[in-house]
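Note sheet for the following structure.
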């Protein structure tokens, strides 16, 4: 059977002639890619380490596996180049058996410098250079399952639903021998046979979103001369889904409007060099909002996170980093990245669509070549995976009759009406006009949002002030808007977490995009986080907003409460100021005293805070200056 030997430890990292010891995951932009200065370094660095040749039985083969190297990599073993890979977010492998000696020198040249041949190059996030996911040696027998095909797991599972039963075809590829397939559910083995055969699982339990994400597992075992020599496996789920321009998204035959978040993978001081612990924490925070979908922007995410989405029942939009600016020299790169995404993530029941591009019309260049490439990618997705639909995210300034928005099966828009331009009501106007022009298009919103700093506050919030209060009002409007339009196939707020965009300088903290519901370090849940929880979550809770807005002026105390309970009572300095029935957002007013101890209750649920009266506005709550850089340049 195959053996996996992890090589994360003990690397020597060289940047600009200076060598230091590191372990991977690692990035050299974890600090300079988050500070907004002019020190964001992009170029080529070198990772080196030695490893002992594993003990090999006769005929056994050895592969090197890299789960993520950004953006381009050249791999050398004992001075011989064994792999070259362009694309920073996918797995790639190299056969190295013939290069091995007893002690082996491994060298990886990693390049995230500017180029016209590899995506992404122009986007509102930091392109962290480095070996930022796992590195493994894989030892397989002479007869083994394929490891050479686009970094994929060599097992392809095609499940369908027929009445109450699940029907599944499983193919697994090997260089010889006999492949046998076993299907397992919670109750144990439910079917078995050969590769390429179709199996029926009686009374199959459906993968049914958040409430019942039932999973099965297909195991492929390779036999030679009657002996099991290699094995691969993958989880899958039985489910049906569809999209309708007038009725939205359906899961397993019932209306299931997708309402959720976008996610970037990076962390404060870590960049994208994160571990399972950070992935787990992100998942739990997303689940706490009650979201039922995630747009995994703007690239292929870690295999482990897709597994978490399967496990917890989140519906996923998966995409490649074909973003912002079309580069004709990188057309082949879009194809290779799309193939890697589809082949590597094909079996996940959580994924329902393949995202082709994001805001690609931001720069008006190479229009005809761009359209041809979109048609080619759309064709490729349907050829490789007829079971899923295609989608793209259109730039806000892309006209509703633009041809690029009509290529994929569904379309979503990145609109920030009410943030980058004034007028929240324009969301209604835009949607009305779009539906008038395109009544048959499946429509969603892939990005919307507003900056919100937990240290900035105002009793009269307005667009552009970056206050926590304006972010709250913006999202309250949008949530009410979406609730009136269940025909939106999906809405994905931008973003669940603040993230690094080194070219930005907003909100008094350069290098960051602050549209998240949660701060970059995951330590502060902004008031808007609880607004979404009130709309989406079934977990009983109550939250007093404005607890960071301690120093207030005037004579009136305004209290805002988020809860998914039907009645809320508010107290100031121990005295009830009333009860209110309603849903989600409850507002109270009272005279502003010198000191105001506030408590809010919903049954046994409580939350509290304290507000003080001051003579003049606290200057620390006001955005003093901003120098918004144009990251598009």
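In this note's numbering, the protein residues as written are 1 to 633.
For each residue, glycine too, the CB sits at the ideal point set by N, CA and C.
Q) Within the 8 Å Cβ cut-off, does residue 297 reach chain C? A) Protein chain content of the structure displayed is limited to a single chain, and chain C is not contained in it.
Q. Grouping DSSP H, G and I as helix and E and B as strand, with all else coil, what is residue 85?
A. To locate residue 85, count along the chain shown from 1; it is residue 85. Reduced to three states, the DSSP call for residue 85 is strand.
Q: Just mark residue 280 as buried or exposed, buried being the case when its beta carbon has 16 or more other beta carbons within 10 Å.
A: In the chain shown, counting from the first residue as 1, residue 280 sits at position 280. Exposed is the call here.
**Q.** Reduced DSSP secondary structure (H/G/I, E/B, other) of residue 303
**A.** Taking the chain shown and counting its residues from 1, the one referred to as residue 303 is at position 303. In the three-state reduction of the DSSP assignment, residue 303 falls in the helix class.
Q | Straight-line Cα distance separating residue 111 from residue 83 | A | As a position in the chain shown, residue 83 is number 83, starting the count at 1. As a position in the chain shown, residue 111 is number 111, starting the count at 1. For residue 83 and residue 111, the distance between alpha carbons rounds to 14 Å.
Q. What first and last residue would you give for the alpha helix (DSSP H) that runs through residue 331?
A. On the chain shown, position 331 is the one that residue 331 refers to. Segment 331-345, the alpha helix (DSSP H) holding residue 331.
Q. Which residues bound the beta strand (DSSP E) around residue 18?
A. In the chain shown, the residue the question calls residue 18 occupies position 18. That run of the beta strand (DSSP E) goes 18-22.
Q.
Alpha carbons only, please: which of 330, 33, 469 and 609 is nearest the one belonging to residue 72?
A. Taking the chain shown and counting its residues from 1, one reaches residue 72 at position 72. Ranking the options by Cα distance to residue 72, first place goes to 330.
Q.
Can you tell me whether residue 406 is helix, strand or coil according to DSSP?
A. Sequence index remark: in the chain shown, residue 406 carries index 406 (1-based). In the structure shown, residue 406 sits in a helix (DSSP, three-state: H, G or I).
Q) DSSP three-state call for residue 222: helix, strand or coil? A) Counting from 1 along the chain shown, the entry for residue 222 is found at position 222. Assignment of residue 222 by DSSP, reduced to helix, strand and coil, places it in the strand class.
Q. In whole angstroms, what is the alpha-carbon distance linking residue 69 and residue 174?
A. Numbered from 1 along the chain shown, position 69 holds the residue referred to as residue 69. Numbered from 1 along the chain shown, position 174 holds the residue referred to as residue 174. Taking C-alpha positions only, residue 69 is separated from residue 174 by approximately 27 Å.
Q | Cβ-based burial, residue 265 [other Cβ within 10 Å; buried from 16] | A | Position 265 of the chain shown, counting from 1, holds the residue named residue 265. Buried, because 16 or more other Cβ atoms sit within 10 Å of the Cβ of residue 265.
(Q) Using CA atoms only, rank isn't needed, just tell me which of 128, 96, 191 and 100 is closest to residue 148. (A) As a working mapping, residue 148 is identified with position 148 in the chain shown. Per the Cα distances, 96.
(Q) Am I right that residue 159 and residue 249 are in contact with their C-beta atoms under 8 Å? What's the rounded C-beta distance? (A) If you number the chain shown from 1, residue 159 lands on position 159. If you number the chain shown from 1, residue 249 lands on position 249. Not really, about 19 Å apart at Cβ, beyond 8 Å.
Q) What does DSSP give as the partner residues of residue 705 in its beta bridges? A) With the chain represented from 1 up to 633, any question about residue 705 goes unanswered, as that position is not in the structure.
Q: Report the rounded CA-to-CA distance for residue 54 versus residue 101, giving the unit in angstroms.
A: The count along the chain shown starts at 1 and reaches residue 54 at position 54. The count along the chain shown starts at 1 and reaches residue 101 at position 101. Computed Cα separation, rounded: 10 Å.
Q: Output the distance between the C-alpha atoms of residue 568 and residue 543, rounded to the nearest integer angstrom.
A: Here residue 568 corresponds to residue number 568 of the chain shown, with the count starting at 1. Here residue 543 corresponds to residue number 543 of the chain shown, with the count starting at 1. Each residue's Cα considered, the two are about 10 Å apart.
Q) Is the CB-CB distance between residue 224 and residue 177 below 8 Å? A) The count along the chain shown starts at 1 and reaches residue 224 at position 224. The count along the chain shown starts at 1 and reaches residue 177 at position 177. Contact: yes.
Q. Just how far apart, CA to CA, sit residue 601 and residue 611?
A. Counted from its first residue, the chain shown places residue 601 at position 601. Counted from its first residue, the chain shown places residue 611 at position 611. About 17 Å.
(Q) The beta strand (DSSP E) that contains residue 429, what's its start and end? (A) Within the chain shown, numbered from 1, the residue matching residue 429 stands at position 429. Taken as a continuous stretch (DSSP letters only), residue 429 belongs to no beta strand (DSSP E), being part of the alpha helix (DSSP H) at 426-437.
(Q) Assuming contact is defined by CB atoms lying nearer than 8 Å, are residue 524 and residue 454 in contact in what I supplied? (A) The residue you call residue 524 lines up with position 524 of the chain shown. The residue you call residue 454 lines up with position 454 of the chain shown. Yes, these two residues count as a Cβ contact at 8 Å.
(Q) I'd like to check one pair, residue 151 with residue 344: are the Cβ atoms closer than 8 Å? (A) Sequence index remark: in the chain shown, residue 344 carries index 344 (1-based). Sequence index remark: in the chain shown, residue 151 carries index 151 (1-based). Result yes, Cβ atoms of residue 344 and residue 151 sit closer than 8 Å.
Q) Around the C-beta of residue 420, are 16 or more other C-beta atoms found within 10 angstroms, so that it is buried, or is it exposed? A) Residue 420 sits at position 420 when you count from the first residue of the chain shown. With fewer than 16 Cβ atoms within 10 Å of its Cβ, residue 420 is classed as exposed.
Q: Verify whether the separation of the beta carbon atoms of residue 99 and residue 77 is less than 8 Å.
A: In the chain shown, counting from the first residue as 1, residue 99 sits at position 99. In the chain shown, counting from the first residue as 1, residue 77 sits at position 77. Yes, Cβ-Cβ distance for residue 99 and residue 77 is below 8 Å.
Q) Over what stretch of residues does the alpha helix (DSSP H) that includes residue 382 continue unbroken? A) What you label residue 382 is simply residue 382 of the chain shown in a count that begins at 1. From DSSP, the alpha helix (DSSP H) with residue 382 extends over 367-384.
Q) Is residue 361 helix, strand or coil by DSSP? A) In the chain shown, the residue the question calls residue 361 occupies position 361. Secondary structure of residue 361 (DSSP, three-state): helix.
Q. Do you know how far the Cα of residue 413 is from the Cα of residue 488?
A. Residue numbering aside, residue 488 sits at position 488 when the chain shown is read from its first letter. Residue numbering aside, residue 413 sits at position 413 when the chain shown is read from its first letter. If you take the alpha carbons of residue 488 and residue 413, they lie about 11 Å apart.
Q. Leaving out the 5 sequence neighbours to the left and right, which residues in its chain are closer than 6 Å to residue 14 when beta-carbon positions are compared?
A. For the purposes of this step, residue 14 is identified with residue 14 of the chain shown, where counting begins at 1. Hits under 6 Å: 46.
**Q.** Cut-off 7 Å between Cβ atoms - residues of its own chain near residue 638, not counting five sequence neighbours on either side
**A.** Residue numbering for the chain in the displayed model covers 1 to 633; residue 638 lies beyond these limits and cannot be assessed.
Q: For residue 555, count neighbouring Cβ atoms within 10 angstroms of its own Cβ and tell me buried if that reaches 16, exposed if not.
A: Here residue 555 is taken as the residue at index 555 of the chain shown, counted from 1. Classification for residue 555: exposed.
Q | residue 276, enclosing alpha helix (DSSP H) - first and last residue | A | For this step, residue 276 is matched to residue 276 along the chain shown. 276-289 is the span of the alpha helix (DSSP H), which, as asked, contains residue 276.
Q) First and last residue of the alpha helix (DSSP H) that includes residue 471? A) Your numbering for residue 471 matches position 471 in the chain shown. Start and end: 468-483.
Q.
On the criterion of 16 or more Cβ atoms from any shown chain inside 10 Å, does residue 632 qualify as buried, or is it exposed?
A. Position 632 of the chain shown, counting from 1, holds the residue named residue 632. For residue 632, the predicted structure reports a pLDDT of 49, less than 50, and the residue's modelled location is therefore unreliable. The matter cannot be settled from this model.
Q: Measure the C-alpha to C-alpha separation of residue 353 and residue 243 and round it to an integer number of angstroms.
A: Looking up residue 353 in the chain shown gives position 353. Looking up residue 243 in the chain shown gives position 243. About 11 Å.
Q. Between residue 618 and the rest of its own chain, which residues show a CB-CB distance below 6 Å, the 5 nearest in sequence each way excluded?
A. Residue 618 sits at position 618 when you count from the first residue of the chain shown. Correct list, in chain order: 551.
Q) Using DSSP with H/G/I as helix, E/B as strand and the rest coil, what is residue 94? A) Looking up residue 94 in the chain shown gives position 94. Strand.
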